[in-house]
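What follows is a set of notes on a single structure, which appears directly below.
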Amino acid sequence: MSSYSQFKAFQALTKASIRSMLKSPSSVVFSIAFPLVFILVFGFIGDRTNKIKIGVPVQSELNNTIYAGLSANPLLQMRIDSLSAIQEDLKEGKLQAMLSISKGTDAKFQVEISSGEHNATLVRQLEGIVNDVVLKADPDLQLRKQELVTVKQTLVSDKSFKLIDFILPGQLGFSLLAASVFGTAFVFYHLRQMLVLKRFFATPIRRSVVLLSEGFARVVFQLTGALFIILIGKYFFDYTLVKGWLTVVNMLIVCGIGLLVFMSFGFVISGIAKSDSVIPPLANIFTMPQFLLAGTFFSVDVLPGWLQIIAKLMPLTYFNNALRAIAFDGAGLWTVRFDLAILLLWGIIGYAAASKLFKWE
Numbered sequence: 288m289s290s291y292s293q294f295k296a297f298q299a300l301t302k303a304s305i306r307s308m309l310k311s312p313s314s315v316v317f318s319i320a321f322p323l324v325f326i327l328v329f330g331f332i333g334d335r336t337n338k339i340k341i342g343v344p345v346q347s348e349l350n351n352t353i354y355a356g357l358s359a360n361p362l363l364q365m366r367i368d369s370l371s372a373i374q375e376d377l378k379e380g381k382l383q384a385m386l387s388i389s390k391g392t393d394a395k396f397q398v399e400i401s402s403g404e405h406n407a408t409l410v411r412q413l414e415g416i417v418n419d420v421v422l423k424a425d426p427d428l429q430l431r432k433q434e435l436v437t438v439k440q441t442l443v444s445d446k447s448f449k450l451i452d453f454i455l456p457g458q459l460g461f462s463l464l465a466a467s468v469f470g471t472a473f474v475f476y477h478l479r480q481m482l483v484l485k486r487f488f489a490t491p492i493r494r495s496v497v498l499l500s501e502g503f504a505r506v507v508f509q510l511t512g513a514l515f516i517i518l519i520g521k522y523f524f525d526y527t528l529v530k531g532w533l534t535v536v537n538m539l540i541v542c543g544i545g546l547l548v549f550m551s552f553g554f555v556i557s558g559i560a561k562s563d564s565v566i567p568p569l570a571n572i573f574t575m576p577q578f579l580l581a582g583t584f585f586s587v588d589v590l591p592g593w594l595q596i597i598a599k600l601m602p603l604t605y606f607n608n609a610l611r612a613i614a615f616d617g618a619g620l621w622t623v624r625f626d627l628a629i630l631l632l633w634g635i636i637g638y639a640a641a642s643k644l645f646k647w648e
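What the sequence shown shows, in this note's numbering, is residues 288 to 648, in sequence order.
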């Protein structure tokens, strides 16, 4: 009688796991749909500059070079309306400032800028724009300026960092963390509760094969989703991949490492959960702070100092940092070795805890 093939068992279990994930709505939502929605939203928003919304009372002097220059400024969005309507919108925050142009008896124009108390910086910015318009409109002033100072411009070659370049790696991290922790925890909890794991003991299949097949299936499924998201970002929103396909390969390697690390905490949660209703809150305790603080939607640098310390303890922070460095800066795996080392350290902690807490029966 030929010996039992552990490899064939591995293949069969892997195929079954992949089919199960494809049929699971939650797997598809967490892996592809949910992060893809965020990428589409932020991708279509793009890097549009928010214009300053200015209200101009209809009784203002509009037939002059000042108004013409302000209207042509790409930073400003001018709206002519009644004084009462502009004042109401200014109070409600629909307009950022009101600009009134009047002409005195001495033929001197007076520009009055009104805005909220918290917009002092905006008022100074508008003053600078008005002064620039006046300077350009008067040839004598322009000539005098050239006599006093010469401005030399130097354009340095740089890379344009788009919004999608920040958002996409964060959404990959969100997808992999959520799917790994929630998916692994639920799958192994239900396999244990339905005595599927116990039945495996009556077969020649090794326990390690069961774990490896589920892990390999999840890696294949998640990396396929990650590749799909990267390609959507590249071909629809011009996501930056400095070294082309080499960058994609390096990103997928980091995604694979992150997956294996995050899965360890799914094993931990499945081991300590007493019922399936406990799994979501336990998983959220681990994942939610990372979604909010680890640079998924905004940079860690904008956080207060004490929160930055907490964020820099989280594995997702280093995962996101590594992906962004590889994609935008063209960094290699060796360059991001510190981030990968922290990730692997978390993996060691996670699997050490899982070895103590994970239950087969």
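Even glycine gets a Cβ: it sits at the ideal position worked out from N, Cα and C.
Everything numeric in this text was worked out from a predicted model, so none of it was measured.
Taking Ile388 as part of the beta strand (DSSP E), name the residues at either end of that continuous run. Ala384 to Lys390
Could you name the residues of the same chain whose beta carbon sits closer than 6 Å to that of Val410, not counting the 5 residues immediately before and after it, in chain order? Ile400 and Ser402
What alpha helix (DSSP H) runs, 4 residues minimum, are completely inside the region 509 to 597? 532 to 559 and 566 to 580
Applying the criterion that 16 or more other CB atoms from any shown protein chain within 10 Å of the CB defines a buried residue, is Pro568 buried or exposed? exposed
Jot down the residue ranges of each uninterrupted alpha helix (DSSP H) in the region 339 to 373, minimum 4 residues, whole runs only, in chain order. The qualifying runs are 352 to 359.
Closer than 6 Å by C-beta to Gly512: which residues in its own chain qualify, once you throw out the five before and the five after it? Chain order, please. The residues are Ser318 and Ile319.
Based on the DSSP secondary-structure assignment, which residues constitute the bridge partners of Val398? Ile388
With a floor of 4 residues, list each alpha helix (DSSP H) that falls wholly inside the region 597 to 631, ordered by position along the chain. 602 to 616
Is Arg493 helix, strand or coil by DSSP? coil
With DSSP as the reference, label Gly380 as helix, strand or coil. coil
I'd like to check one pair, Leu300 with Val497: are the Cβ atoms closer than 8 Å? It is a contact, given that the beta carbons lie within the stated cut-off.
Can you grab the Cα-Cα spacing for the pair Ala384 / Asn607, in whole Å? 39 Å
As assigned by DSSP and simplified to three states, the class of Lys646: coil
Given this structure, state the Cα-to-Cα distance separating Thr534 from Ala570, to the nearest angstrom. Their Cα atoms are separated by approximately 31 Å.
Using the three-state DSSP reduction, which class does Asn337 fall into: helix, strand or coil? Residue state, collapsed to three classes: coil.
So, do the region 483 to 493 and the region 632 to 639 have three or more beta carbon pairs nearer to each other than 8 Å? no
Straight-line Cα distance separating Phe297 from Met288: Confidence at Met288 is low in this model, with a pLDDT of 40, below 50, so its placement is unreliable and no value can be given for it.
Is the region 336 to 356 close to the region 365 to 378, with three or more CB pairs under 8 Å? yes
Phe331 in three-state terms, based on DSSP: helix
Looking at the structure shown, is Tyr291 part of a helix, part of a strand, or coil, going by DSSP? coil
Could you check which residue in Leu546, Trp593, Ser500 and Leu327 has the C-alpha nearest to that of Ile516? Leu327
How is Met308 classed by DSSP in three states: helix, strand or coil? Met308: helix per DSSP, three-state reduction.
Just tell me which of Tyr354, Ile388 and Cys542 has its CA closest to the CA of Leu464. Cys542
Under the three-state reduction of DSSP, which class applies to Leu450: helix, strand or coil? In the structure shown, Leu450 sits in a helix (DSSP, three-state: H, G or I).
Can the beta-carbon of Gln577 be found less than 8 Å from the beta-carbon of Leu603? yes
Under the three-state reduction of DSSP, which class applies to Pro426: helix, strand or coil? Helix at Pro426.
In or out: Asn662 buried (at least 16 other Cβ within 10 Å) or exposed? Here the chain has residues from 288 to 648 only, and residue 662 is not among them.
Reduced DSSP category for Gly634 - H, G, I as helix; E, B as strand; rest coil: helix
Coarse secondary structure for Phe488, derived from DSSP in three states: coil
If you reduce the DSSP assignment to three classes, tell me which class Leu463 lands in. Here Leu463 sits in helix by DSSP.
How many angstroms separate the CA atom of Ala612 from the CA atom of Asn537? As the crow flies, the alpha-carbon of Ala612 is around 11 Å from that of Asn537.
Could you check whether Trp621 and Arg494 sit closer than 8 Å to each other, using their CB atoms as the reference points? Between Arg494 and Trp621, the gap from beta carbon to beta carbon reaches 8 Å or more.
How would you call Ile596, buried or exposed, if buried means at least 16 neighbouring beta carbons within 10 angstroms? exposed
Rounded to whole angstroms, how far is the Cβ of Phe325 from the Cβ of Ile454, which I believe are closer than 8 Å? Indeed, because the Cβ distance is near 7 Å, the residues count as touching under 8 Å.
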